[in-house]
Structure formats: structure tokens, C-alpha cells
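> If you read the sequences in order, they're chains R and S.
Take the first sequence: its position 175, counted from the start at 1, is 175 in our numbering, and no numbers get skipped.
Residues are numbered in our numbering as their position in the second sequence, beginning at 1, plus a constant of 1000.
Protein chains: 2
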Amino acid sequence: MRVKMVVAYDGTNYSGWQIQPNGVTIEQKLNEALQALLGEDIRVTGASRTDAGVHSLGNVCIFDTDTRMPAEKISYALNQRLPEDIVVQDSCEVPDTFHPRFSRSRKTYEYRILNRRFRMPTRRLDTYFYHYPLDVEKMQEAADYLVGEHDFKSFCAVNAQSKTSVRTIYACTVTKEADIITIRVTGNGFLYNMVRIIAGTLIKVGAGEFAPQEMQTILDACDRSVAGPTAPAHGLTMIGLEYE
Amino acid sequence: MRVKMVVAYDGTNYSGWQIQPNGVTIEQKLNEALQALLGEDIRVTGASRTDAGVHSLGNVCIFDTDTRMPAEKISYALNQRLPEDIVVQDSCEVPDTFHPRFSRSRKTYEYRILNRRFRMPTRRLDTYFYHYPLDVEKMQEAADYLVGEHDFKSFCAVNAQSKTSVRTIYACTVTKEADIITIRVTGNGFLYNMVRIIAGTLIKVGAGEFAPQEMQTILDACDRSVAGPTAPAHGLTMIGLEYE
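1. Among R/Arg43, R/Gly148, R/Met69 and R/Cys92, which one has its Cα closest to the Cα of R/Ile26?
2. Which runs of the alpha helix (DSSP H) at least 4 residues long sit entirely within the stretch 193 to 235 of chain R? Give them in chain order.
3. Between which two residues does the beta strand (DSSP E) holding S/Val1136 run?
4. Within 8 Å (strictly less), CB to CB, does S/Tyr1128 reach chain R?
5. How close, in whole Å, do the beta carbons of R/Ser3 and R/Phe63 come, if the pair is a contact with beta carbons under 8 Å?
6. Could you tell me if R/Thr122 is buried or exposed, where buried requires 16 or more neighbouring beta carbons within 10 angstroms of its beta carbon?
7. Is it true that the CB of R/Ala160 sits closer than 8 Å to the CB of R/Tyr109?
8. Just the Cα atoms here: how many angstroms apart are S/Ala1077 and R/Gly11?
9. For the beta strand (DSSP E) containing S/Glu1093, name the first residue and the last one.
10. Mind checking whether R/Thr186 and R/Arg101 have CB atoms under 8 Å apart?
11. Could you say if the stretch 113 to 131 of chain R and the stretch 1077 to 1093 of chain S meet the contact criterion of at least three C-beta pairs nearer than 8 Å?
12. Restricting to Cα atoms, I'd like to know which of R/Tyr130, R/Glu244 and R/Thr50 is closest to R/Arg116.
13. Would you verify that the beta carbon of S/Pro1121 is, or is not, closer than 8 Å to some beta carbon of chain R?
14. What's the C-alpha gap between R/Val158 and R/Arg224?
15. Is the beta carbon of R/Ala8 sitting closer than 8 Å to the one on R/Ser75?
16. Run through chain R and tell me which residues come within less than 9 Å of S/Val1044, C-beta to C-beta.
17. If I'm right that S/Tyr1128 touches S/Pro1232 with Cβ under 8 Å, what's the distance once you round it to whole angstroms?
18. With S/Met1238 and S/Asn1059 assumed to form a contact (beta carbons below 8 Å), what rounded beta-carbon distance in angstroms separates them?
19. If you draw a straight line from the alpha carbon of R/Thr65 to that of R/Phe152, how long is it in whole angstroms?
20. Based on Cα-Cα distance, which residue from R/Cys156, R/Thr217, R/Gln213 and R/Ala221 lies nearest to R/Glu137?
21. Given R/Val87, which residues of its chain have a CB within under 8 Å of its CB, disregarding the five upstream and five downstream residues?
22. For the beta strand (DSSP E) containing R/Leu114, name the first residue and the last one.
23. On the DSSP bridge assignment, give the partners of R/Phe102 in chain order.
24. S/Gly1016 and S/Ile1113 - do their beta-carbons sit closer together than 8 Å?
25. If we cut at 8 Å on Cβ distances, does R/Gln213 have a partner in chain S?
26. DSSP three-state call for R/Ser56: helix, strand or coil?
27. Using DSSP's beta-bridge definition, name the partner residues of S/Cys1172.
28. According to DSSP, is R/Gly11 part of a helix, a strand, or is it coil?
29. Can you give me the start and stop residues for the alpha helix (DSSP H) that R/Glu72 sits inside?
30. With S/Glu1032 as the anchor, note down where its alpha helix (DSSP H) starts and where it stops.
31. Could you check which residue in S/Phe1190, S/Ile1198 and S/Thr1175 has the C-alpha nearest to that of S/Lys1163?
32. Is R/Lys29 buried or exposed, if buried means 16 or more other CB atoms sit within 10 Å of its CB?
33. Starting from the Cα of R/Glu93, find the closest Cα among R/Tyr111, R/Arg104 and R/Arg68 and give me that residue.
34. Assuming R/Leu219 contacts R/Tyr145 (C-beta within less than 8 Å), just tell me the rounded distance between them.
35. Nearest to S/Ala1143 by alpha carbon, out of S/Gln1020, S/Leu1125 and S/Thr1175?
36. Any beta carbon of chain R sitting closer than 8 Å to that of S/His1055?
Here it is in C-alpha cells:
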């Protein structure tokens, strides 16, 4: 049977999702725990191969297994074998045709900025500290330009390998609660580093270095060098995916 | 001159505030950093000697120094010498008569409970995970009994050494946002483990083990054994102090 799992993790201590020769990854930890639990050579396939330091409340992965354990019980049993910074939130059986990356979905990410005079130790792992005051209204005005179907080439890492850089953003909101500014973006897919470059560009808008309407110029340019910098990984959290 | 500092920390990796023979403490880290910065044998005096694992957004401490460095600059300079889980939020000169424990103040603490089916890795450091659903309205109803001047002996660790166990609670609210229940309590002072015992007792109310009106019986008993358990330290955050 094919099992789908929803996985939350604190990415601080991992070299990202995808298995790699150097560094411990989420994918590796899940494979090892599943192999120990089920006694099979299991390889999970993830929806979003998050970068080193990026967090997730609900990444999705699948794997195929011959186990007789009910799919719903796997989450509970697996969590006993996982470190405390990786927790499976749900497990269920899905049709063999379901693939977490090729099935159509809406993905949501949040980029959090701690915008205050001094760092706040209790939020240092999941917010990016930015000292200078940011204008949230201007950031929202700029974010509005991103909504819709666009070529996001300006917001894609130069070394990325995607067939097309056209994506659809359904919503992009910038809100502030206490000292934390949250950029929340939902789309049908994201290019490599896209949310972090959006965040880095919106920070420049908030700081007054770009005018909000310059977002249109940046989009039109289809040139990575005109957008803002790639904001640091630890401010980014993958919130989840909804499949059609 | 006497300098007052406001200090925030993630208590996860410390054996609490107060210097002790075994284990690294916040007080020790501050003394060491101040001694390195100012070249004097500095000993800070803290307002709240928080326990191991307890966090703070704004604990207060003082120290006396002969430095010519302006008091307001000390926070910036000191943060360069402190680990990333301790951050001074403010420093200013105060009269020699000011003492952080003996001056009258209002203290606010928050106890946070992550109330959902599975643990959430990104909030594991500053929330206490509780799996069974809790009734927030009943918890608020119970919390209302605590407001006012009472003898809180039932909510004090048995080995505590206080002259009196009478304290005044100005406000005690229980709110829920997404999966996190926050117990916020403001008072003129707290007995040893008092907020954690209040939290442990309110959790029992929320789970249906105590009726809300039993809070009155528990208060009247003046007996630690009738209240709920001491909730774990890592759910507790000292929010701050306001001096009169």
C-alpha cells in the first residue's frame, strides 16, 4: 500500500529535507525510523525539499510498504522512534496514483521577521531578526503585485533548474502581531528560493529602499539581480499543502 | 552608579537564573560578560530567580559599577559578549535606592500549553504539550477564583521559605489561539512554583478532573497536596515587571 504522511519539523539542526552525502536530513531520519519500525527498506518521497534551516508544520511525503500495520497507526508508532524536532502529524493510505510533487496542490509558506530593537532569544529559531523599523502597509502594497499568474524569474535562484518560471500566487499577505511581521504566501508551486527572495524584496520595500510599485518593474525584468536579497532560511516555515 | 537591565532569555540550556555550583546559569553568564566588558568584579542582582528551563522576555537585574560608559550603551556592548539565547533588552541608570526584588512591582508570567493531537517541533521549547482536549472556558472560570488577595499556600512548593504566603493576583486570563492555550497571570509577587502549580491545577480543570468552583476549596485548604501537579518548567515564560 501507499502511505501519505504529514510531517512537522524544526529545521534548525538539519541540512534540509533531501538526503545528501554530508549532513543529517529529515528524509534520512524518516527512512531510518520507518525501516526500524517496519523492517523494510523504505524510501520516502517528499512534496517540498526544504532547504537547510527551513521549518515545516506540514510537509507531505509518501512511501510504499507491505506492512499489515494500519496506515493511521504508523504516525503514533513512528513518533516513538523520531527525534523531538521531527513529528509525524498524520498518516493515511492513499491511492497508488498519488504523488506528493506531481499531484496538483496549493502550497502555503510563512516568512517571519522579528522587527524590534533587540533580538528575542525565545523566537530566535523561527524568526529572522531585522532591527530597522519596517512599514507593513507598504510591504502589503508591494505584495499585492505578486498575486496572480506571473513569470517569477526575478524571484528564482540563478542556479535553479525549472522548465518554466511561471507560477500562480493565490494570496500574499503581510501582517504584524506584537513584534513579528508574517509574510504568508499561497501558490500552486514555488521556484527555488522564491519565498525567501520575495521576503528579502519585501523587507527592502518595508525599509524604504524600494517603492511598492517597483515590484511590477522587478517582475517584468525577469532578472534575479533586480530583486532583493535571499532572506535567511531560518525565518521560513512551510505551513502545508492542500491537494485538489 | 547603579544600572538596571532588562534581560530576555531562552532558559532551555540553563540551570535557571541563580548561580549554583553545578550547571551554567543566566546570572553567571551576565556576571562574566559584564566583567569582561567593564573590567570590574560585577555581581548582578536579579528580580526573579527563575528555575531551570523557564524563559523570560523581561527579567530585571541591577549592578553597581564605576564605569564611564553611559548606562544606555551597556546593553549594546554586552549583547556582543553574550550567547544568542541571552539578550539584554535595555540598560539605564537608576537611583541607588532601587532594588529589583524589594521595590514594589507587578509581575506578569505566561504559561503556554500546546493542546493538540501531536507535538509541534517548532514550539517544543516554550510550550508544554498536552494531548487531551482542554476546556478553556472552564479554565477561565476557575482562574477567576484566584484574582484578589488570598493565602496561596496550596499553590506553593512545600519546601519554599517565605514569611507569608499571602499574595495579590490582579488578573488571570486563559486564552486560546490556534493550538496554544495561554494562562497569563499578573500579581504583586509569586511564591515558589506558584504559577506552575496554578497551571497544573487549571489543566486538571480543563481536562474535567476538577470542577471550576473547586478552586475555592483548594484555596481555602491552604494545603499543597489538594492542588494539581506542578506543570513542567519549559511552558513558563516570565513576561516582565512594572515598578511603581
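Each residue gets a CB set at the ideal place from its N, CA and C atoms; glycine is no exception.
Small disclaimer: the values here were computed from a predicted structure and weren't measured.
Reading from the atomic positions:
1. Of the candidates R/Arg43, R/Gly148, R/Met69 and R/Cys92, the one whose C-alpha sits nearest the C-alpha of R/Ile26 is R/Arg43.
2. 194 to 206 and 214 to 221
3. For S/Val1136, no beta strand (DSSP E) encloses it; the enclosing alpha helix (DSSP H) starts and ends at Val1136 to Asp1144.
4. no
5. The sequence given here has Val at residue 3 of chain R, not Ser. Indeed they touch by this definition, with Cβ atoms about 6 Å apart.
6. By the 16-neighbour rule on beta-carbons within 10 angstroms, R/Thr122 is buried.
7. no
8. 30 Å
9. Ile1086 to Val1094
10. no
11. yes
12. The shortest C-alpha to C-alpha distance from R/Arg116 to any of R/Tyr130, R/Glu244 and R/Thr50 is the one to R/Tyr130.
13. For S/Pro1121, the nearest CB of chain R lies under 8 Å from its own CB, placing it at the interface with that chain.
14. 7 Å
15. The answer is no: Cβ separation not under 8 Å.
16. Within 9 Å Cβ-Cβ: nothing; S/Val1044 doesn't reach chain R, min ~17 Å.
17. Indeed, because the Cβ distance is near 5 Å, the residues count as touching under 8 Å.
18. 6 Å
19. 38 Å
20. R/Gln213
21. Val7, Ala8, Tyr9 and Asn79
22. Ser105 to Asn115
23. DSSP output for R/Phe102 lists no bridge partner at all.
24. Between S/Ile1113 and S/Gly1016, the gap from beta carbon to beta carbon reaches 8 Å or more.
25. no
26. strand
27. Bridge partners of S/Cys1172: S/Val1185.
28. helix
29. Taken as a continuous stretch (DSSP letters only), the alpha helix (DSSP H) holding R/Glu72 covers Ala71 to Asn79.
30. Element bounds for S/Glu1032: Ile1026 to Leu1038.
31. S/Phe1190
32. buried
33. Residue R/Arg68 is the option with its Cα nearest to R/Glu93.
34. 7 Å
35. S/Thr1175
36. True, the Cβ-Cβ gap to chain R drops below 8 Å.
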